[in-house]
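Protein chains: 2
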Amino acid sequence: MTIEDAQRRSSGATVDTVAETGVDSTVAQQRNTALAGAVPAGARVRPEHARRHNRALVLQTLYRANGLSRADLAREVGLTRVTISDLVSDFLDEGLVIDLGIRPDARPGKPATLLDINRTGFSIVGLDLSNSAVFRGVVTDLDGVVVERAEVSVGGTRGQEAVDAVFALLEDLIGRATAPIIGVGIGSPGIVDLDGTVVSAPNLGWTEVPLQHLVAERFKLPTQVANDANMAAQGERSFGGASTDMMLIRVGRGVGSGVVVGGNLVYGSGFAAGEIGHVVVGTDGGEKCACGKSGCLEVWLSSPRLEQVVAEHGDEAREAALREAGERLGISLAPIVAALNLGEVVLAGPHNLLAGPLLEGTAETLRSRTMAELHGNLTLRMTTLGRDIVVLGAVVMVLTGQLGVS
Amino acid sequence: MTIEDAQRRSSGATVDTVAETGVDSTVAQQRNTALAGAVPAGARVRPEHARRHNRALVLQTLYRANGLSRADLAREVGLTRVTISDLVSDFLDEGLVIDLGIRPDARPGKPATLLDINRTGFSIVGLDLSNSAVFRGVVTDLDGVVVERAEVSVGGTRGQEAVDAVFALLEDLIGRATAPIIGVGIGSPGIVDLDGTVVSAPNLGWTEVPLQHLVAERFKLPTQVANDANMAAQGERSFGGASTDMMLIRVGRGVGSGVVVGGNLVYGSGFAAGEIGHVVVGTDGGEKCACGKSGCLEVWLSSPRLEQVVAEHGDEAREAALREAGERLGISLAPIVAALNLGEVVLAGPHNLLAGPLLEGTAETLRSRTMAELHGNLTLRMTTLGRDIVVLGAVVMVLTGQLGVS
DNA sequence: TTAGTTAGTAAAGGTTACTAACGAACTAAT
DNA sequence: ATTAGTTCGTTAGTAACCTTTACTAACTAA
Chain A
2 MTIEDAQRRS SGATVDTVAE TGVDSTVAQQ RNTALAGAVP AGARVRPEHA RRHNRALVLQ
62 TLYRANGLSR ADLAREVGLT RVTISDLVSD FLDEGLVIDL GIRPDARPGK PATLLDINRT
122 GFSIVGLDLS NSAVFRGVVT DLDGVVVERA EVSVGGTRGQ EAVDAVFALL EDLIGRATAP
182 IIGVGIGSPG IVDLDGTVVS APNLGWTEVP LQHLVAERFK LPTQVANDAN MAAQGERSFG
242 GASTDMMLIR VGRGVGSGVV VGGNLVYGSG FAAGEIGHVV VGTDGGEKCA CGKSGCLEVW
302 LSSPRLEQVV AEHGDEAREA ALREAGERLG ISLAPIVAAL NLGEVVLAGP HNLLAGPLLE
362 GTAETLRSRT MAELHGNLTL RMTTLGRDIV VLGAVVMVLT GQLGVS
Chain B
2 MTIEDAQRRS SGATVDTVAE TGVDSTVAQQ RNTALAGAVP AGARVRPEHA RRHNRALVLQ
62 TLYRANGLSR ADLAREVGLT RVTISDLVSD FLDEGLVIDL GIRPDARPGK PATLLDINRT
122 GFSIVGLDLS NSAVFRGVVT DLDGVVVERA EVSVGGTRGQ EAVDAVFALL EDLIGRATAP
182 IIGVGIGSPG IVDLDGTVVS APNLGWTEVP LQHLVAERFK LPTQVANDAN MAAQGERSFG
242 GASTDMMLIR VGRGVGSGVV VGGNLVYGSG FAAGEIGHVV VGTDGGEKCA CGKSGCLEVW
302 LSSPRLEQVV AEHGDEAREA ALREAGERLG ISLAPIVAAL NLGEVVLAGP HNLLAGPLLE
362 GTAETLRSRT MAELHGNLTL RMTTLGRDIV VLGAVVMVLT GQLGVS
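Okay, here's the thing in structure tokens:
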């Protein structure tokens, strides 16, 4: 069976049984008809595809508001009240939308009945594999509110063992979910292709591991696997309110990033977009990097190196050192910010290291190396999502993939 | 009347008369129903929108092939033969598609009748305003084959005078077109927003000039105005066969670029994507730039500066100087290539300056400053479109906007 | 009490693309 | 030459979808 077959089986109408996961199969089946990505890009549109699109649009609108009537929805999305009623009645049958009762305020005319997404009626499982010492996972509701947490220590486990650790963590989380699970999202380090195959993740010893296929097959749940930094960028977009042209920089043992252009994640020609850790910074050398080159961004900015800088220096020298690391980041980012005319750059990583002089150094450098007239409206800030940024991104990917919502 | 109104009028069903341009208004009207962009992103899909999408898809498929039967189209696009026949019969009525007669080869079954886009039955007008000394324009057929050329000298004209020069050039070209014109594309320097308003073009003295609106209004033709480098990137994508993740660098008096990600042009948060000319390169200073900073990319790479370098040096020193300019370009590009995982970078500009040591210097620098494992499959090359790159890009924008073809 | 407004539903209609079935026109085998 | 099989394009009927039109229900304001 190919990965595609598995995907179709796990997310299509032919799911035979999902009893072990506690998901009502009828609901899962119908809900999947809301799939936003169901119309392959550049493919023909049949009436059912149009319907799916409109379903997703209504769900999206409901998701972003809280409490809209059918008439509100009609005005918002541009369909007629009749059509909206029809769509909503499907949603109500499926349990995806709930009736909040009559709108309280006093206006002329028949009072509206408010509707909302059944935000706590379903669960999503999100995993973060980016820390090679411990895999962390959560169960959230549709709003991304964490209701369960779990983690497994994976100090140094690699290959199939690491895959088994993922399975174990999922088993745990899925068992603890009380509401039906609409999907699983997993942020993995390394290069991940569009099918959710981990092409290469050196830290985990993975090469061409079809993780999405494996998880979907084993747990019979719609699954999304993507690069951790890309997922973080998605998380910041949806739950952190970042703009449509932004970049998220993740600083940890290495330095990675996720790039969003026009509201869409960038994958790149070889699914390696965002991998900026080993780009040489500046024209004045720099320390030797593990990759063989000298002066890579990771040499300046990885958290071990920053920790060391902080430990070795006194207060003032420490601030200067952090500022310099920030400047190096700014030097790398300037061409990217200019080429993409980014509106926002967000940093994620150890707050104590990044949030002070480092961030200022980056901001200052970006200002001095780009044209203020063109790129002056750039916002540079820390993430507000904390350590959950990757798992929340995974949740967003599931929401987008299964409901067309983000 | 707002710009939006003008747009709707010029490209919608309410065009009253287009007699002076030689376009049959009925045809123009019907053809516009093929508009690919007619469904606003994120908006509801009605049956007619689905139809438009499918129309565009069929046209696109025909455009890329040469000579397909209805049955071929059905297989290719995924619609049934019945539906294809229906769509094709519309196209035949509108004159957009022509019957090539029966397929010559001998196979079992009823012989197929081949169809093709009526490639020479319609014209497109493309303008390039990027040279502030002379505006150049062409009339092409749907294949981008130039059938007429014209230019006007505009040495130093600015503001309304420059707009009038555009009008005069268009008047000339439109008068010379023999086939009905499906649209006008204009590549302008400076910042151009999505409505085709030139937000700022210092060389032409333009600020907030609604050029697209003005041209559409005056000539009653669907019009597309965009940044010159962005149009060049579009041209290279379609007629130069560039890949879906690429960047086109234009070297002239200044340095600009167009960025394509996932097959789509990047506009950026302030429509200033691609403006990399005034990003500081390296950490070792550089000559003072007109913008006030030192060591901008434009200081190293603008064609006047390169001309000067070539003039002042002997053979060997010249090569080294050109190579160094190339290296500077490579230093700027490395973070962009890595962040976007670009598959291709294309240079456009004076061939004698760019094609030799400069290109080699850039390639070498990109190799040495990025990770070969990730970005090793990058292609760096000169454009094959020559001086017509911008006007051809303008033609592509019209094709895409009016027929959904590219 | 009446007029006006708004929400939601019902019935009918038009568009779109589908399936099923067929004739036309060919090749290949007998 | 006949027959079988294939492929093309069309016709007829159907299902899905959204719309328009028209209605009832339920409220506010005068």
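Which chain is which? The protein sequence lines are A and B, in order. Residue numbering for the first sequence is 2 to 407, as defined by the numbering used here. Residue numbering for the second sequence is 2 to 407, as defined by the numbering used here. Backbone N, C-alpha and C define an ideal beta-carbon position, used for all residues, glycine too. Remember, it's a predicted structure, so these values are computed and weren't measured experimentally.
How should residue i be labelled, buried or exposed, when 16 other C-beta atoms within 10 angstroms of its C-beta is the threshold for buried?
| i | result |
| --- | --- |
| Lys221/B | buried |
| Glu317/B | exposed |
| Pro305/B | exposed |
| Leu130/B | buried |
| Arg108/B | exposed |
| Ser239/B | buried |
| Ile250/A | buried |
| Ile103/B | exposed |
| Ser133/A | buried |
Hey, could you find the ends of the beta strand (DSSP E) residue i is sitting in?
| i | result |
| --- | --- |
| Arg137/A | 135-141 |
| Thr224/A | 224-228 |
| Arg306/B | First-last for Arg306/B: 304-313, but that is the alpha helix (DSSP H), not the beta strand (DSSP E). |
| Thr363/A | Looking at the DSSP string, Thr363/A is not in any beta strand (DSSP E); the run it does join, the alpha helix (DSSP H), is 358-370. |
| Ile390/A | Ile390/A -> not in any beta strand (DSSP E); alpha helix (DSSP H) instead, spanning 390-404. |
| Arg120/B | Per DSSP, Arg120/B belongs to no beta strand (DSSP E) and is neither H nor E. |
| Thr380/B | 380-383 |
| Glu152/A | 147-154 |
| Leu249/A | 247-252 |
For residue i and residue j, what's the separation of their Cα atoms in angstroms?
| i | j | result |
| --- | --- | --- |
| Val146/A | Asp94/B | 57 Å |
| Ile332/A | Gly255/A | 18 Å |
| Ala180/A | Asn67/A | 21 Å |
| Leu115/A | Leu69/A | 5 Å |
| Pro223/B | Ile192/A | 43 Å |
| Leu359/B | Pro211/A | 42 Å |
| Gly271/A | Ala326/A | 29 Å |
| Val399/A | Val126/A | 9 Å |
| Arg10/A | Leu348/B | With a pLDDT of 29 at Arg10/A, under the threshold of 50, the modelled position of that residue is not reliable, and no figure is offered here. |
| Asn119/A | Ile99/A | 6 Å |
| Ala35/A | Gly96/A | Its pLDDT being 37, under 50, Ala35/A is placed unreliably in this model, and the value from its coordinates should be taken loosely. The alpha-carbon atoms of Ala35/A and Gly96/A are separated by roughly 13 Å. |
| Leu1/B | Arg319/B | The structure shown does not extend to residue 1/B, since chain B spans only 2 to 407, so no value can be given for it. |
| Val1/A | Leu298/B | Chain A is shown from 2 up to 407; residue 1/A falls before or after that span and cannot be answered. |
| Gly241/B | Val167/B | 27 Å |
| Glu172/A | Leu367/A | 45 Å |
| Ser90/B | Arg53/B | 15 Å |
| Gly405/B | Thr245/A | 24 Å |
| Ser303/A | Gly278/A | 9 Å |
Which one or two residues does DSSP pair with residue i in a beta bridge?
| i | result |
| --- | --- |
| Lys289/A | Ser295/A |
| Arg45/A | According to DSSP, which records beta bridges pairwise, Arg45/A is partnered with nothing at all. |
| Ala202/A | Trp207/A |
| Leu266/B | Val261/B |
| Thr62/A | Answer by DSSP bridge pairing: none, since Thr62/A is not bridged. |
| Leu128/A | Gly138/A, Ile187/A |
| Ala349/A | Arg251/A |
| Gly102/A | Leu115/A |
| Ile1/B | No answer is possible for residue 1/B: it lies beyond the span of chain B, which begins at 2 and ends at 407. |
| Val193/A | Val199/A |
For the alpha helix (DSSP H) that contains residue i, what are its first and last residues?
| i | result |
| --- | --- |
| Gly160/A | 160-177 |
| Asp82/A | Correcting the residue identity first, residue 82/A is Arg in this sequence and not Asp. From DSSP, the alpha helix (DSSP H) with Arg82/A extends over 82-95. |
| Val281/A | Segment: none, Val281/A is in no alpha helix (DSSP H) and carries neither H nor E. |
| Ile337/A | 316-341 |
| Glu218/A | 212-220 |
| Ala75/A | 71-78 |
| Leu375/B | 373-376 |
| message | Any C-beta of chain A within less than 7 Å: which residues of the region 274-291 of chain B qualify? | response | Of all residues in the region 274-291 of chain B, only Ala274, Gly275, Glu276, Ile277, His279, Val280, Val281, Gly283, Thr284, Asp285 place a beta-carbon less than 7 Å from a beta-carbon of chain A.
| Residues in the region 74-105 of chain A with C-beta within 7 Å of chain B's C-beta atoms, listed in sequence order? | Those residues of the region 74-105 of chain A placed with their C-beta closer than 7 Å to a C-beta in chain B are Val78, Gly79, Leu80, ordered along the chain.
| task | Could you please tell me which residues of the region 342-353 of chain A, in chain order, have their CB closer than 7 Å to any CB of chain B? | result | Correct list: Asn342, Leu343, Gly344.
| Using Cβ-Cβ distances below 7 Å, what residues of the region 185-215 of chain B are close to chain A? | Per Cβ criterion, the list is empty.
| request: Taking only beta carbons into account, state which residues of the region 358-373 of chain A come closer than 8 Å to chain B, listed in chain order. | output: Listed in sequence order: Ser369, Arg370, Thr371, Met372.
| query | If you measure beta-carbon to beta-carbon, which residues of the region 223-252 of chain A are closer than 8 Å to chain B? | reply | Those residues of the region 223-252 of chain A that come within reach of chain B (Cβ to Cβ, closer than 8 Å) are Ser244, Thr245, Asp246, Met248.
| query | Going along the chain, which residues of the region 54-72 of chain B sit with their C-beta nearer than 7 Å to a C-beta in chain A? | reply | Listed by position, the residues of the region 54-72 of chain B near chain A (Cβ gap below 7 Å) are His54, Asn55, Leu58.
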